[in-house]
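Enquirer: If you're matching them up, the sequences are chains R and P in order. Residue numbers 207 to 434, in this note's numbering, belong to the letters of the first sequence in order. Residue numbers 207 to 434, in this note's numbering, belong to the letters of the second sequence in order. All C-beta atoms, glycine included, are put in the ideal place defined by N, C-alpha and C. It should be emphasised that the depicted structure is a prediction, and the values quoted were computed from it without experimental measurement.
Number of protein chains: 2
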Amino acid sequence: MKPYVLIAEDEKAVSELLLYNLRKEDYDVGVAMDGEETLMMIDERTPDLLLLDWMLPKVSGIEICRRVRTGGANPNLPIIMLTARGEESDRIRGLDTGADDYVTKPFSTTELMARVRAVLRRIRPGLKEDRITVGDIEIDRVAHRVTRQSDDIHLGPTEFRLLDYFMQHPGRVFSREQLLDTVWGSDVYVEARTVDVHVGRLRKALRNAGGDDPIRTVRSAGYALRED
Amino acid sequence: MKPYVLIAEDEKAVSELLLYNLRKEDYDVGVAMDGEETLMMIDERTPDLLLLDWMLPKVSGIEICRRVRTGGANPNLPIIMLTARGEESDRIRGLDTGADDYVTKPFSTTELMARVRAVLRRIRPGLKEDRITVGDIEIDRVAHRVTRQSDDIHLGPTEFRLLDYFMQHPGRVFSREQLLDTVWGSDVYVEARTVDVHVGRLRKALRNAGGDDPIRTVRSAGYALRED
DNA sequence: GGAGCCTGCGACGGTTATGTGACAAATCGG
DNA sequence: CCGATTTGTCACATAACCGTCGCAGGCTCC
Chain R
207 MKPYVLIAED
217 EKAVSELLLY
227 NLRKEDYDVG
237 VAMDGEETLM
247 MIDERTPDLL
257 LLDWMLPKVS
267 GIEICRRVRT
277 GGANPNLPII
287 MLTARGEESD
297 RIRGLDTGAD
307 DYVTKPFSTT
317 ELMARVRAVL
327 RRIRPGLKED
337 RITVGDIEID
347 RVAHRVTRQS
357 DDIHLGPTEF
367 RLLDYFMQHP
377 GRVFSREQLL
387 DTVWGSDVYV
397 EARTVDVHVG
407 RLRKALRNAG
417 GDDPIRTVRS
427 AGYALRED
Chain P
207 MKPYVLIAED
217 EKAVSELLLY
227 NLRKEDYDVG
237 VAMDGEETLM
247 MIDERTPDLL
257 LLDWMLPKVS
267 GIEICRRVRT
277 GGANPNLPII
287 MLTARGEESD
297 RIRGLDTGAD
307 DYVTKPFSTT
317 ELMARVRAVL
327 RRIRPGLKED
337 RITVGDIEID
347 RVAHRVTRQS
357 DDIHLGPTEF
367 RLLDYFMQHP
377 GRVFSREQLL
387 DTVWGSDVYV
397 EARTVDVHVG
407 RLRKALRNAG
417 GDDPIRTVRS
427 AGYALRED
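1) Rounded to the nearest angstrom, what separates P:E231 and P:L326 at their Cα positions?
2) Can you give the Cα-Cα distance for R:I421 and R:L431, rounded to whole angstroms?
3) What first and last residue would you give for the beta strand (DSSP E) that runs through P:L212?
4) Kindly identify the DSSP beta-bridge partner or partners of R:R337.
5) What separation, rounded to the nearest whole angstrom, lies between the Cα atoms of P:A238 and P:Y371?
6) Comparing alpha-carbon positions, which option in R:L212, R:K264, R:L368 lies nearest R:R407?
7) Which residues share a DSSP beta bridge with P:Y429?
8) Roughly how many angstroms lie between the CA atoms of P:L318 and R:D387, to the nearest whole one?
9) Answer yes or no: does any C-beta atom of chain R fall closer than 9 angstroms to that of P:G377?
10) My output table needs one value for R:L262: the three-state DSSP class, helix, strand or coil.
11) Which residues in the same chain as P:L223 place their Cβ atom closer than 8 angstroms to its Cβ, once the five residues preceding and following it in sequence are excluded?
12) So which residues on chain R does P:V449 lean against when the C-beta distance must stay under 8 angstroms?
13) By DSSP's criteria, P:R156 is part of a beta bridge. Which residues make up the other side?
14) Am I right that R:V394 and R:G428 are in contact with their C-beta atoms under 8 angstroms? What's the rounded C-beta distance?
15) Examine chain P for any beta-carbon lying closer than 9 angstroms to the beta-carbon of R:A430, and answer yes or no.
16) Between which residues of its own chain and P:I191 is the CB-CB distance below 6 angstroms, once the five residues before and five after are set aside?
17) When you check each C-beta in the stretch 406 to 425 of chain R against every C-beta of chain P, which residues fall closer than 7 angstroms?
18) Judging by CA-CA distance, which residue of P:L385, P:S426, P:D418, P:R275 is the nearest neighbour of P:H404?
19) Tell me, please, whether the CB atom of R:A427 is closer than 9 angstroms to any CB atom in chain P?
20) So P:L288 and P:D259 are in contact, right, with Cβ under 8 angstroms, and what is the actual spacing, rounded?
21) If you draw a straight line from the C-alpha of P:R273 to the C-alpha of P:N414, how long is it?
22) Apply the 10 Å Cβ neighbour rule to P:P363 and answer buried if 16 or more other Cβ atoms are within range, or exposed otherwise.
Next up, the structure:
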C-alpha cells in the first residue's frame, strides 16, 4: 500500500507544489487547509507522515503537534515541520514539541522529498531509496549524479528526471503520454515526439560511458529501461 | 463475476471511448450522463469502480464523491476522478473529498486502463494479472515482453496483441471475425485472411524459441491457443 | 478419386513509427 | 546583460510493420 502523506498548509502555492511532487513520487496525498481540518483528517485516516506548516489558521501547527504527541490515537506519527525563515526560535520549540524534522521555507523540493523518503524509510524500511542501481547504471538523486561503470555522466535536468523515472520501474514500458505526464508534468503541453528526442539524448549520454543501449524501444508502445 | 464499472461522463466522445476500452478488457460497464443518473445507477447496482467526471450536469462530480463517501451504502467505493487540464486546484479538492486516483483529460487510454486494473486489483486481488503463463509461454504486458523457455521472443505490435488475447482465454476458439473485432478493433476494415498471416507470423516467432506449435487451427472455425 | 473449399506461407508495395542532426527560442548562471 | 546550456520542434532517412495476393498443398464429402 502506498504511504499516505497529509499536507497541512494554508498557502495554496506551497501545498500545490508539495502535492504535485508527492504524487509524482507515488504517495497517497491529502491536503488540509487549516488546523481544524488537519485534526479531522488525521482522525479519518491516520497518515504515515504529516507535513505540518508552522502557521496554520484556527489551530496552530505547534498546537497540533502537541496534541498528536500527547493525546491522539497515534502519538508516534512522524511529523516534518515547515517553518519560515526567522522563526528560528520557534524551531527549537518545534523540536521540543516532538517534530521529527523541520524544513525552512523556502525549501528545495528535492531536499524536502529526500527528507520525506528518509522519514518514511525509518517507518517502513525498504521503501524508496535515494540511490538506485540498475545493471551498471547508478543514480543518486540526492547528489544528482549518474554513474555508469564508475564514469560520471552529465545529464540535463529533463534527461535526469527521465532516467530517474525509468530506474524506479525497470523493465516497464511507458508510453510517450505516460512519460509526458510524469516526467514533464501533467500540466505542460508538449509534443509526444519530444520524448523521442530526449530518449535519444539520454541514450547518447549513456552510450558515451560505454556499454550498449540500456533503453528498449517497443514499437507503437513506448520505451523501457532494460532490467539487470 | 465480471467487475462492474460505472462511467459518469457527459461528453459522449469520452464516455464512448471509455466504454469501448473497458468492454474490450472484459468489464461490465454502465454509463451515466449526469449526476442524478449516476446516483440512481449507483443505488441500483453497486459498481466495483466509479469513473467520475469532474464536471457533471445536475449534480457535480465532487458532490457525488462527497455523498458517496459520507452518506451512501458503500462509502468505500473506489473512485477515479477525471479532470480536465487546468482544473489543477480542483484536483486537490478531489483528493480531499476522497477520490482514489485522478486522471487528467486528455488521458492516455492505456494508462487509464492500467490504473483501472490497479484499483480493481486492490479490491479484488488476483483479478487480471500483468503477467500470464500458459504452458511454457509467458507474457508480461507491463514490460511488453514474451518469453518461451526463458528465451525472449520479439513480436510486432499486432502479434503481441494477438497472443495477449489468446492467452487471456486459453483453449477457446476464436473466429477470424472475432479476432479482428477484438485484436484489431471493430472499426478497422481488413480482410479476414489477414488474420491467417499474422497467426502465421506469430507461430513462426514462437517456433523459433523451440517447442512445437502452440496454436491450434480449427478448420472452418478459427484458431485457439492450446491450454496446458 | 476428384471437385471444391480451406489453410500455410513467401513475396511485395505501401504505410507508419522511430532515430537523429539542425535550429531557434527559452532558461540559467553569473 | 551576455554566453552557455537546455529545450521543443521540425525535416528527413531508415527500419519495422502491415495488409493483400497468389499459389501450393491439405482436407472434406460425395
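Expert: Result, derived from the coordinates:
1) 12 angstroms
2) So the two alpha carbons sit approximately 5 angstroms from each other.
3) 210 to 214
4) In the DSSP output, where bridge partners are listed per residue, R:R337 has R:D346.
5) 29 angstroms
6) R:L368
7) P:F380, P:T423
8) 12 angstroms
9) no
10) coil
11) T315
12) No statement about residue 449 of chain P is possible, as the shown extent of chain P runs from 207 to 434 and does not include it.
13) Chain P is shown only over 207 to 434; residue 156 of chain P falls outside these bounds and no answer can be derived.
14) Their Cβ separation, rounded to whole angstroms, is 18 angstroms, which puts R:V394 and R:G428 out of contact at 8 angstroms.
15) yes
16) Residue coverage of chain P in this structure runs from 207 to 434, which leaves residue 191 of chain P outside it and unanswerable.
17) V424, R425
18) Among P:L385, P:S426, P:D418, P:R275, the Cα nearest to that of P:H404 belongs to P:L385.
19) yes
20) 5 angstroms
21) The C-alpha of P:N414 is placed about 57 angstroms away from the C-alpha of P:R273.
22) Burial is judged here by how many other beta carbons sit within 10 angstroms of a residue's own beta carbon; P:P363 has fewer than 16 and is exposed.
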